[in-house]
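Step one of this worksheet: look at the structure below.
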Amino acid sequence: MSTIPRTIRNVWRAGLKDSWRQILTIGDTKAGTLVGVDKYGNKYFQNDEEELPLRTRWVQYKNFYGDAAEIEPGWHAWISYSIDTPPSQGVIPNTGHEKWGYNIGYNPTQTRGAYKPYSTVKPKIATWEPKVATRG
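In this note's numbering, each residue carries its 1-based index in the sequence shown increased by 273.
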């Protein structure tokens, strides 16, 4: 949590609407420069002057309830300090997702589209099925 003068300064820089959204989503106010926007509409910011080390980069998700699965691999490498230049400057790391056609941005867990594995192996234990004898 930040101090009161720092919070007031960040509200002045970022504006009331963005500051209120930050308080509701990340619990703190931050002000910085917009580095880029990905294809899903997430905005990426950086502030090297006033923030603590390893807290200088953050993402503002397009949806109010953002999920880390909605971050593209290049931006994820930048936000986790794996690379120094953001993908908006033309440097996109090779992640291997492209060759498989893996589309990120939607997490189908707990929905109808979730992955449900099934087994093609014959079970080792046979289940008991009762046989009904005819009465005669």
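Cβ coordinates follow ideal geometry from the N, Cα and C atoms, glycine included.
Keep in mind the model is a prediction, meaning the values are calculated, not measured.
Taking residue i as part of the alpha helix (DSSP H), name the residues at either end of that continuous run.
i	result
Trp351	Pro346 to Ile352
For residue i and residue j, which I take to be in contact (beta-carbon distance under 8 Å), what is that distance rounded to the nearest angstrom?
i	j	result
Thr306	Gln319	6 Å
According to DSSP, is residue i helix, strand or coil?
i	result
Thr302	coil
Lys290	helix
Trp331	strand
Leu325	coil
Val405	coil
Val310	strand
Thr400	coil
Asn283	helix
Ala387	coil
Pro359	coil
Pro381	coil
Output the boundary residues of the beta strand (DSSP E) element that contains residue i.
i	result
Gln319	Lys316 to Gln319
Could you check if residue i is buried or exposed, using at least 16 other CB atoms within 10 Å of its CB as the buried criterion?
i	result
Trp351	buried
Lys303	buried
Asn336	exposed
Arg385	exposed
Trp348	buried
Asn380	exposed
Val332	buried
Ser292	buried
Asp357	exposed
Asp321	exposed
Output needed for residue i: all residues of its chain with C-beta closer than 7 Å, excluding positions within five of it in sequence on either side, in chain order.
i	result
Glu343	Tyr313, Asn315, Tyr334 and Gly378
Ala327	According to the sequence provided, residue 327 is Leu. The question's Ala does not apply to it. Around Leu327: Tyr354.
Could you pull out every residue in the same chain whose Cβ sits closer than 6 Å to the Cβ of residue i, ignoring the five residues on either side in sequence?
i	result
Gly309	Tyr317, Pro359 and Ser361
Ala341	none
Arg330	Gln319 and Ile352
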